[in-house]
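Colleague: I'd like to ask some things about the structure below.
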Amino acid sequence: MVEAEFVSVSQVTTEMIWIAELLKEIGVKANGVYDLKADNQAATKRIKGEYTSDRAKHIDIRYKLVKDLAHKEVLDAAYGESKGMPADILTKALPTLRVEELRGLVMLQE
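Reading the sequence shown from the start, the letters are residues 1 to 110 in the UniProt record's numbering.
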């Protein structure tokens, strides 16, 4: 499961960098440190360098990109409880009550 989380994290990281560069080109200043919340503790520990494994060779390039950005303090990866992940509304089958909570959190209209 850590591998799937890393693929997602690297894709989001790549898109964050692209958006930051676009904003810089049009004159919008950003703070330079991007917060990333993941609901997988093993993934956040790997990004911070607290945990390593030889079993992740197939995602090595993605892993090095994310870890390098975290090391350069461009990316701040932290664990976030699954309960507080607004993206769950788009990625998981949820009960109606939870969908209502998340819809309010991401400001989606009915």
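Glycine included, every Cβ here is placed at the ideal spot set by N, Cα and C.
Please name the residue or residues paired with K37 in a DSSP beta bridge.
Modeller: DSSP output for K37 lists A78 as bridge partner(s).
Colleague: Can you find at least 3 beta carbon pairs, one from the stretch 30-50 and one from the stretch 73-92, that sit closer than 8 Å?
Modeller: Yes, they touch.
Colleague: Pick helix, strand or coil for G104, following the three-state DSSP scheme.
Modeller: In this structure, G104 counts as helix in the three-state DSSP scheme.
Colleague: Quick check: what's the CA-CA separation for residue 111 versus R103?
Modeller: Outside the modelled stretch of the chain, which goes from 1 to 110, sits residue 111, for which no answer is possible.
Colleague: CB-CB under 6 Å to M16, same chain, minus the five flanking residues each way: which ones, in chain order?
Modeller: So the list reads Y34, once near-sequence residues are dropped.
Colleague: To the nearest angstrom, how far is it from the Cα of A78 to the Cα of L36?
Modeller: If I take the Cα positions, the gap works out to 6 Å.
Colleague: Which residue comes first and which comes last in the alpha helix (DSSP H) that contains L90?
Modeller: Segment 88-91, the alpha helix (DSSP H) holding L90.
Colleague: I need the DSSP call for A4, collapsed to helix, strand or coil.
Modeller: Helix, per DSSP.
Colleague: If you draw a straight line from the alpha carbon of V66 to that of G27, how long is it in whole angstroms?
Modeller: Taking the straight line from one Cα to the other gives about 26 Å.
Colleague: Does the Cβ-Cβ distance between L94 and D88 come in under 8 Å?
Modeller: Yes, the pair counts as a contact, with Cβ atoms nearer than the cut-off.
Colleague: Assuming G80 and A42 make a contact with CB atoms under 8 Å, what is their CB distance in whole Å?
Modeller: About 14 Å; that fails the 8 Å criterion.
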